[in-house]
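Below you'll find the structure, written out as structure tokens, and then a few comments.
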Amino acid sequence: MAELRVRGTDEVLTDAAAIDAFVKVYGLGYERWDISKLHTEEARAMQAESEQERILKVFADEIAALKERGGYQSADVIALTPETPNLDTLLAKFDKEHEHTEDEVRFVVDGRGVFTIHSEDDKVFDVEVHPGDLLVVPEGTWHWFDLCEDKTITCIRVFESKDGWVAHYRE
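Yeah, the sequence shown ends on 171 if you go by UniProt numbering, and it's all consecutive.
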């Protein structure tokens, strides 16, 4: 489950309802999906060309509901590990403060990462996401992302455009 830390304070939230209530104030969305679905016999037996395709099949209902709710068009799976070619170069695109012209929607399947949000009222807070966490960072929200120490994460990404998002960096 996620952990939210407000920078410059001792405030730490670990309860899903408390995290959801906190991030909603800033226009973000947070919810929990049942990650155990991925490890059922039925899920293991699913025919798929790749692990990414299997993950999308297991969470097809949740993705469809999210697309319906948010007007999203496509979904894929990204997996980053220390063995990912050019991982540091890839992470360098994420760890600078930026915004997007569409929502950034991530559901964590495996691993951990930290989204740091810089709100319009200059509050800065970290949302460390874990398997089962869905975070929606709305368009125009300044933020950055980094992996945790083990540099491992697998996420379902959901996009408004079939082309995916484009980052606009703060000068």
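For every residue, glycine included, the Cβ atom is placed at its ideal position computed from N, Cα and C.
Cut-off 6 Å between Cβ atoms - residues of its own chain near residue i, not counting five sequence neighbours on either side
| i | result |
| --- | --- |
| residue 20 | 30 |
| residue 117 | 125 and 143 |
Rounded straight-line distance, which links the Cα of residue j to that of residue i
| i | j | result |
| --- | --- | --- |
| residue 58 | residue 106 | 16 Å |
| residue 104 | residue 41 | 31 Å |
| residue 150 | residue 113 | 9 Å |
| residue 87 | residue 80 | 7 Å |
| residue 131 | residue 157 | 14 Å |
| residue 35 | residue 159 | 21 Å |
| residue 25 | residue 99 | 18 Å |
| residue 162 | residue 110 | 24 Å |
| residue 62 | residue 139 | 21 Å |
| residue 10 | residue 146 | 21 Å |
| residue 16 | residue 55 | 23 Å |
| residue 73 | residue 133 | 20 Å |
DSSP bridge partner residues for residue i (one or two, in chain order)
| i | result |
| --- | --- |
| residue 141 | According to DSSP, residue 141 bridges with nothing at all. |
| residue 100 | 167 |
| residue 154 | 79 and 110 |
| residue 74 | 159 |
Beta-carbon proximity list for residue i, same chain, < 8 Å, skipping 5 on both sides
| i | result |
| --- | --- |
| residue 37 | 43, 58 and 59 |
| residue 70 | 103, 105, 136, 158 and 160 |
Expected contact under 8 Å - CB spacing of residue i and residue j to nearest Å
| i | j | result |
| --- | --- | --- |
| residue 67 | residue 167 | At roughly 22 Å, the Cβ-Cβ gap does not stay under 8 Å, so residue 67 and residue 167 are not in contact. |
Residue burial classification, residue i (beta-carbon count within 10 angstroms, cutoff 16)
| i | result |
| --- | --- |
| residue 90 | exposed |
| residue 101 | exposed |
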